[in-house]
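Step one of this worksheet: look at the structure below.
Protein chains: 2
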Amino acid sequence: MNGETFRNWQSVQDEVLRRIHAREWKPGDLIPNEADLAVEFGCARSTVNRALRSLADSGLLDRRRKAGTRVAAQPVAKATLDIAVIRHEVEARGSRYGYQLIDRQQVTPPVSVSGAMRTPATDKLLHVCALHLADDAPYAIEDRWINTNIVPQAKTEAFANVSANEWLLKHAPYTHGEIAFSAVQVGQDDADILGVSAQSAAFAIDRLTWDNDASVTKVRLLFIPGYQLRTSL
Amino acid sequence: MNGETFRNWQSVQDEVLRRIHAREWKPGDLIPNEADLAVEFGCARSTVNRALRSLADSGLLDRRRKAGTRVAAQPVAKATLDIAVIRHEVEARGSRYGYQLIDRQQVTPPVSVSGAMRTPATDKLLHVCALHLADDAPYAIEDRWINTNIVPQAKTEAFANVSANEWLLKHAPYTHGEIAFSAVQVGQDDADILGVSAQSAAFAIDRLTWDNDASVTKVRLLFIPGYQLRTSL
DNA sequence: AATGCTTTTATGTACGTACATAAAAATATG
DNA sequence: CATATTTTTATGTACGTACATAAAAGCATT
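Line by line, the protein sequences give chains C and B.
Quick note: the first sequence uses the working numbering, first residue 11, plus one each step.
Quick note: the second sequence uses the working numbering, first residue 11, plus one each step.
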C-alpha cells in the first residue's frame, strides 16, 4: 500500500481492527510481530504494544511471549457491565427514585448465609431488607446481610433514609467480590412487595463482597419482571 | 515512612489499592499527582501513570486532566462477563456437549425482528432454532435470525452439526453489538423443549451484532431454570 | 458582574533504549 | 532416542524526555 503512518495507538488499533474485520488477518492467524508492525506503521514499538495490548484485553487477540500474537479463534465476547448504585440507575432512566426500609434486624443467619460468608454459625449478622422504587413503583428488593464484625458502624445506622446499597459503598471498603446473575420465580412474599403475581420471573443479582479474607456483605437484588441489564460489546 | 521503592506498575497499583482500602485516601479524595507519586514511589511517572490508568479503567479512580485524580466516590463495579461459545461453556463445566437442530428456514421475519435488525420488512432472513445440551439434558435454546445479505454463506450451511452460535464466530465478522440479560417466563413451546414446566423462570441473553451499519445476527439464548452467569469483581 | 483571553497545570501519550521474562527452538548429553 | 541444557526470540515493562491536550484558574476588558 502507501506509506501512510499511524502515529497514535488508537489509529494503530483501528487499523488492526480493520484488518481483522476485513479478514486480512483471520481468526487463528499469527500476525506480524510488534517490531515489524512498528516499522510498517511508522511508529514506535511501544505504540504498537499499547494498541495490541488493548485489543488483547478486550479479547480480540491472543498474545504469548515468544509465540507471538494471533487473532483470537473464538473471540470471547467480554461484556462489561456497570453495576451502579440503584439510585443512580433509576435516576439515569429519568425516573424519580424512592426508598423504603422493610426490615432491619441483628439475627443469626441461616447456615447457607453464614457458610457463604464464612462467619461462625452462631454469630449474629445484620439483616436489612428494603425496597427500591422508581416513580413510586416497586423496582427492586434488596435482601442483605452485613458482617458487623467488619463494618461495626452499620450497627448504629438505621438505613431508614439511605439504602445499605449506597451506605456501604461509602463506609465499607472491599478488595474483591463475586457476582452472579440468574432468573428466579418470585415467591408469594416477594411478589406481594413487588406488586406482581407469584411465580413471575424476576432477574436476580447475587453479590458477595470481601475485604481480604473477611466477608463484608451478601446481597440479593430482585428486580421487577421486565428488568433488563444491558451493555454493548 | 521508609524509603521503600515500588519499581513496577503492579506494585504501585497494589500500594494505591492498599491506601484506598485502608482509607488513607477516602472516596472522593483527591490523590497526589503523578509526578509527586513518582518521586514518592521512586519510579518514573510513566509507571505511576500505567498503574493509575489501570485503576481508572476498572472504575476505582476518576481522572481528569488538570483536575487531577480522585478516589471514585461511587466505585461503579465493572463486572466483566465472558460470553463464550456455548459448547465451550458446557465443556468447561465438565459436561458432555450435545447439539440438536430444531428448525432452519428462510422466512420473512416479524417486524420486531426486521425493525431491530434494520432490514427491509419484506426481506427474508434465515431463522435457525436449536437446542444445546449438557450431558444429554437440555441446556439452552438458541433462537436466531441471520442476515443472509451480510452472511450469504449461511444460506448453504445446514447447521445440522455445528451450531450457528459457533459457526458465525468463524464466518461472520462483526464490529460491535448490543447485549441484554433478563428473566423471562418460558412459554409452553419452550418449556416442552427444555423439559420444564411452563411459567418457569429462565435466564435470557439477547444479542444483536453489527458489522458497521449492517446487522449480522440477532439471537435469544434461553437457558434452563437454575442457570447462573457468574463473574468476580 | 459578566464575558472573553491567557496562563498554568495535571493527565495523556509518543518515542527510543534498555533490560526482563516466558517459551519455543535448537543443541548437547546421557 | 529421550532428556537436559542453551540459545533465540517475541512480548512485557521501566525509564526519561518531550510534547499534546483538556480544563481549571487567573486576568483583563467591557
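Glycine residues also receive a C-beta, built at the ideal position from the N, C-alpha and C atoms.
L141 of chain B to F16 of chain C span [Cα, whole Å]: 46 Å
Contact residues within the stretch 167–195 of chain C, judged by C-beta distance below 7 Å to chain B: L179, K180, P183, T185, H186, G187, E188, I189, A190, F191, S192, A193, V194 and Q195
N- and C-terminal bounds of the alpha helix (DSSP H) containing L65 of chain B: Looking at the DSSP string, the run of the alpha helix (DSSP H) that includes L65 of chain B is R55 to D67.
Residue interval of the alpha helix (DSSP H) (run including E25 of chain C): W19 to H31
Euclidean distance between Cα positions of V172 of chain B and Q84 of chain C: Taking the straight line joining both Cα atoms gives about 14 Å.
P119 of chain B, buried or exposed, once every other Cβ within 10 Å from all chains shown has been counted against 16: buried
Test: A66 of chain B CB closer than 8 Å to a CB of chain C: no
Selection of the stretch 65–95 of chain C by Cβ proximity to chain B, strictly under 7 Å: Q84, P85, V86, A87, K88, A89, T90, L91, D92, I93, A94 and V95
Integer Cβ distance of A102 of chain C from P37 of chain C, believed to fall under 8 Å: Not a contact, Cβ separation roughly 36 Å.
Below-8 Å beta-carbon distance, I203 of chain B vs any chain C residue: no
Supposed contact pair S242 of chain C and G205 of chain B - C-beta distance, whole angstroms, cut 8 Å: 34 Å between Cβ atoms; not a contact.
E44 of chain C and R60 of chain C closer than 8 Å at C-beta: no
Beta-bridge partners of P148 of chain B, as assigned by DSSP: B:L143
For E167 of chain B, the three-state DSSP class (helix, strand or coil): Of the three classes helix, strand and coil, the one that applies to E167 of chain B here is coil, per DSSP.
Close-in-space but distant-in-sequence residues of the same chain around A201 of chain C (CB under 7 Å, 5 per side omitted): S207, A208 and S210
Contacting residues, own chain, Cβ-Cβ under 6 Å from A193 of chain C (five flanking each side not counted): A211
Supposed close pair N175 of chain C, S225 of chain C - CB separation, criterion 8 Å: About 17 Å; that fails the 8 Å criterion.
DSSP beta-bridge partners of Q115 of chain C: C:H137
Cβ-Cβ distance between P130 of chain B and H31 of chain C below 8 Å: no
DSSP-derived helix/strand/coil call for A214 of chain C: Strand at A214 of chain C.
Limits of the unbroken alpha helix (DSSP H) element including G6 of chain B: Because chain B here runs from 11 to 243, residue 6 of chain B falls outside it and cannot be looked at.
Closer than 8 Å at the beta carbon, the chain C residues around F213 of chain B: Those are F191, S192 and A193, listed as they occur along chain C.
Three-state secondary structure assigned by DSSP to A89 of chain C: strand
Closer than 8 Å at the beta carbon, the chain B residues around I30 of chain C: P183
Residues of its chain near R29 of chain B, where Cβ-Cβ distance is below 6 Å and the 5 sequence neighbours each way are ignored: Only W35 meet the Cβ criterion.
Closest by C-alpha distance to N222 of chain C, when choosing among C:M127, C:L70, C:S68 and C:L40: When each option's Cα is compared against that of N222 of chain C, the closest is C:M127.
Backbone secondary structure at A45 of chain C - three-state DSSP: helix
Cβ-Cβ distance between L136 of chain B and Q116 of chain B below 8 Å: Yes, the Cβ-Cβ distance between L136 of chain B and Q116 of chain B is below 8 Å.
Rounded separation between S124 of chain B and K228 of chain B - CA only: 10 Å
Nearest candidate by alpha-carbon position, reference N18 of chain B, set B:F191, B:D39, B:K76 and B:A48: B:A48
Helix, strand or coil at D72 of chain B [DSSP, three-state]: strand
Contact list for the stretch 222–242 of chain B against chain C, Cβ threshold 9 Å: N222, F233, P235, G236, Y237, Q238, L239, R240, T241 and S242
Per-residue burial, T79 of chain B [other beta carbons within 10 Å of its own, 16 or more giving buried]: buried
Within 8 Å, strictly: CB atoms of A168 of chain B and L231 of chain B: no
Neighbour flag for M11 of chain B against chain C, beta carbons, 8 Å: Residue placement at M11 of chain B is flagged as unreliable, the pLDDT there being 48, under the threshold of 50; a coordinate-derived value is accordingly withheld.
Per-residue DSSP class, three states only, for A190 of chain B: Of the three classes helix, strand and coil, the one that applies to A190 of chain B here is strand, per DSSP.
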